[in-house]
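Comments concern the structure below.
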Amino acid sequence: MQETPLANFVDVSQSAGITAVHQASWDEFSEERPFTDGYLAVGQAWSDYDNDGWVDLYVTGNEAPNVLYHNQHNGAFAVSPLSNSVSLPDVVSGGAVWADYDNDGWRDLYVLAHGANVLFHNEQGQGFTDVTAQAGVGDLGKGTTAAWGDYDGDSFLDLYVANWSCFPKCDPVDPAQAQDRLYHNNGDGTFADASSLLTYDKLLGSAFSASFVDYDNDGDVDLYVVNDKVQNPIGNVLWRNDGADKEGACGGWCWTDVSAEMGADAIVHGMGLALGDYDNDQDIDFYFTNMVEPNVLLRNQGADGFVNETADAGFVAEPTNTVGWGTAFFDYDNDGWLDLYYAATEFIKFNDLQGPLGMMFPFASRIFHNNGSAHFQDATPADWVDNPRPGMGFAYADYDRDGRVDFVSGQWNQGYHLYRNQTDEAGAVGNNWLTIRLIGGGPVSRDAVGARVFVTRTDGRKLMQEVQIGSALGAGNDTALHFGMGHELVRQVVVVWPNGLKRDYNTLAVNRLWHIAYPTIEDDPIVDQLRLSIPQPFRDVSQQAGITATHRGDWRMFDPTFTTGYLGVGQAWGDYNNDGWPDLFVTGNEDPNVLYHNNGDGTFSASPFAESLTLDGVLSGGAVWGDYDNDGWKDLYVLNHGPNALFHNERGQGFTNVAVAAGVDDAGKGSTATWGDYDNDSFLDLYVTNWACYPECGEPVDFTQSQDRLYHNNGDGTFEDVSDLLVYEKLLGAGFTASFVDYDNDRDVDIYVVNDALMNPVGNVLWRNDGADKDGSCGGWCWTDASESTGAGVVIEGMGLAVGDYDNDMDLDFYFSNMVNPSALMQNQGGSLFTEIAKAAQVEAAHSATVGWGASFIDYNNDGWLDLLLSTTEFRNLDRDTPPDGMLFEHPNFLFRNEQNGAFSNQTPTYWYERPQRSMGLAYADYDR
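Have a look at this one:
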């Protein structure tokens, strides 16, 4: 059993600007005046009404005006300029809940009342319109809670309204005036009263809470209602959703009362309702509050129904003066077990002869820590006990997006208090978290009610949560699903949408808020707006910057009819006109190459010299700038499927292809070129990597057609092929990347080549530069294959290469990407040995679907430590019995932050996961200085 951590919630109402009042009366036990009317209701509801990515807050005042607060993104709130339009000063308001009933992407507001309820349509965040009459949902009961759920799977949210007793206005009590209502959403902005689908007598309880919930794991939402026995003791009601009325016996849709059968028909003073999988057994359990008598925990046992586990779970009997109200399960300490909160007031009576004095006196609300093993322990802060308040309403949300769930408490006849969760704020425990907000579309309601998310942690523990709207007395909790991860990371996330569609997300980073959209609405502008509300270290500015070049290639490696193709992509920064701003050249493979001129204002325009770089009929891949003739103007080398091109820069006024004259028109399948002066004669030499000739050369693959080339710069505008200085067999790997690099700090550049072992498993090759051939044994210059002796000769499907001193120990380390299998980080141990530490450094990017491509060390946050950027695609093999579908599907790139202790943390922006691309190439520059 785990130690119970202290729940640390701080009342920040005043500093956050939450000052709304709650004004009400309930004189049921008064001897001073007759009790003729009253409304036991309080309402608090979280939602992002303007889609700015931050949850806002709406609270009801009962007899005082309601208030809408706008989240200011800094921990504070301001009264919304739209507040007056939803204040309802002439309505006695109770519960409130947000829901996008018309699937337009903007959440609407339903307010329960003593009298006609009100539905406000959200006018795209610019205002609210009362549409109650035309929608047909202005029920006249004493509304306490509303629940939304799409019970018939038509993508539109239906509505259940819970009404409490008409007492004391009706005497004797008329249960018919407390009838609950089920409304079917017609999908055209109107609703039909479908209450007749349910057994009439079971709609007449004094209901305080209700929720749509899939209790039986059959994929459709059922309905649970918590009733107060005080006026009409029918007990709680569990309606099982049995689907469409195929035989005409149910009146259109079939619901079955399974309350008694499932053991869910408790007859109590039912108040609040909490729903959640507190025991992590993948089904939804129930907890409901009570008055004077013990609250009740019902553990879901699947087909065997519900079992009362209140005592066994560690809930000691509440004091007989406790009145429990709003309640919810949520993980306040992020340990992966749902904890429990309930609001409370005090029931006071002097003695049995005098009778009660009242039931809404201040009392300590309670919070219980789930210690695992289905057991809870009281973790109520001492301050709550010492300074009690009359807590009735409750709704939770992580309003400040710090990864800890906060809550607002509606306090009877006083006001609203905002409690910020500061549990483990100092990070002593350091539990991780994961928050997922689902956005429906197409056949799924926009709010995705009924969708489930299954999170498997790296320790194997599996967590499950379901999207719900409604439940806890008069409250609207935030619909984002918050998972405590303990010290673990994500092994797998599975989203099961209400229509049964499943999607796996295996690369989600912890300590993030994720917006996961239904696949058909990925391009929805509102979805983009929400995602971009999350801080991003990088923003895609391609369109506004004028970068519109396209890349088109053909690669169908697993298609038996595939006869030719080229895995070529290129992007290269270089200030071709010496104006002090880096320009950009990109290759199109089958599309035209483009040279962009940096305008110096954050934008680019096609260079007037772009046409001089055109290679008609040539498939272009990699590209790299280098001033090979030392004239002060950067020249451009372009790799191709066929003869490569060397463009001489004519002093910023144009380019001339001199590849043939220079002798560097290698005709392999070029992937990367690297420049370096290996003999220190002041002229840059050139190494060219070629990938395999596959599929053009048939089977078996002729490795000689993929030979890499080393060219010596003669200093007169020509080059000499000196590849024979290197071991021939080691030039035949399917090379993807290479770099001149002084790995051993001896002040001459060596060469490291990353090879793809898929075609010819020679492994990566490290050529040590041993200098001039003094005794004539090396053919002119001495190179030694140091791959094996240094441990750098790793045999993998090598793709990209990053070179940099990530650990600041004054020597250069290597990182190279891989396909499907883990990438590798080679820590340089002083020039004579490399140690592979990717797993320890947490940069393996080891997911079975990941194809790693371009990689670079960059210090993106300017902290003096090199971080790591990796571009990727997805390898997809849906059917193990057939060839793979391909390896160039969309996949998130990775950004790893250097934690300055030898390890990295995954800081991949959420937007990259939510809008994955097919990324191969990568090049960096401070283009805007």
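Numbering follows the numbering used here, in which position 86 of the sequence shown is assigned residue number 86; successive positions increment by one, without gaps.
For every residue, glycine included, the Cβ atom is placed at its ideal position computed from N, Cα and C.
Query, Result
"Three-way DSSP call (helix, strand, coil) for residue 886 in this model", "strand"
"Residue environment, residue 578, which counts as buried when at least 16 other CB atoms sit within 10 Å", "exposed"
"Three CB pairs or more closer than 8 angstroms across the stretch 298-308 and the stretch 270-286", "yes"
"Three-state secondary structure (DSSP) of residue 634", "coil"
"Residue 753 burial status per 10 Å Cβ neighbour count (16 or more: buried)", "buried"
"Residue 537 classed as buried or exposed, judged by whether at least 16 other C-beta atoms fall within 10 angstroms", "exposed"
"Contact the stretch 522-534 vs the stretch 571-587: 3+ CB pairs below 8 angstroms", "no"
"Of the listed residues 509, 770, 867, 234, nearest to residue 725 (C-alpha basis)", "770"
"Counted within 10 angstroms of its Cβ, other Cβ atoms place residue 140 as buried (16 or more) or exposed", "exposed"
"Cβ contact (3+ pairs, closer than 8 angstroms) linking the stretch 696-715 and the stretch 590-602", "no"
"Own chain residues within Cβ distance below 7 angstroms of residue 508, not counting five before or after", "434, 490, 493, 514, 913"
"Residue nearest to residue 7 in terms of C-alpha spacing, selected from 20, 369, 225", "369"
"Residue(s) in a DSSP beta bridge with residue 405", "Beta-bridge pairing links residue 405 to no other residue."
"From 12, 686, 345, 332, residue whose alpha carbon lies closest to that of residue 371", "332"
"Beta carbon of residue 158 nearer than 8 angstroms to that of residue 184", "yes"
"Residue 155 versus residue 189: straight-line alpha-carbon distance, rounded", "13 angstroms"
"Assigned exposure category for residue 930 - 16 Cβ within 10 Å defines buried", "Examination of residue 930 is not possible in this model, given that the chain is present from 1 through 929 alone."
"Segment contact, 8 angstroms Cβ cut-off, at least three pairs: the stretch 391-406 with the stretch 280-297", "no"
"Beta-carbon proximity of residue 673 to residue 639, cut-off 8 angstroms", "yes"
"Per DSSP, cross-strand counterpart(s) of residue 483", "434"
"Rounded straight-line distance, which links the Cα of residue 376 to that of residue 1", "Residue placement at residue 1 is poorly supported in this model, since its pLDDT is 45, which falls under 50; the coordinates still yield a value, given next. So the alpha carbons of these two residues sit roughly 10 angstroms apart."
"Alpha-carbon to alpha-carbon, residue 756 and residue 557", "14 angstroms"
"Close Cβ partners of residue 181 (< 6 angstroms) along its chain, the five nearest in sequence each way excluded", "139, 161, 195"
"Nearest to residue 642 (by Cα), restricted to the options 649, 653, 626, 617", "617"
"Sub-8 angstroms separation of residue 750 and residue 741 beta-carbons", "yes"
"Paired residues, beta bridge with residue 720 - DSSP", "712"
"Residues that residue 26 bridges to, as DSSP identifies them", "Answer is none; residue 26 lacks a bridge partner."
"Length of the line joining the Cα atoms of residue 895 and residue 908", "4 angstroms"
"Simplified DSSP state of residue 747, which is helix, strand or coil", "coil"
"CB contact flag (residue 59, residue 399, <8 angstroms)", "no"
"Spatial neighbours of residue 212 in its chain, beta-carbon cut-off 6 angstroms, leaving aside the 5 residues before and after", "147, 149, 221, 223"
"CB-CB length for residue 313 against residue 260, believed under 8 angstroms", "Going by Cβ atoms, the distance from residue 313 to residue 260 rounds to 23 angstroms, so no, they are not a contact pair."
"Between the CA atoms of residue 39 and residue 200 - distance to the nearest angstrom", "24 angstroms"
"Under 8 angstroms between C-beta atoms of residue 292 and residue 347", "yes"
"Simplified DSSP assignment, three categories, for residue 856", "strand"
"Proximity to residue 886 [Cα-Cα], best of 308, 876, 892", "876"
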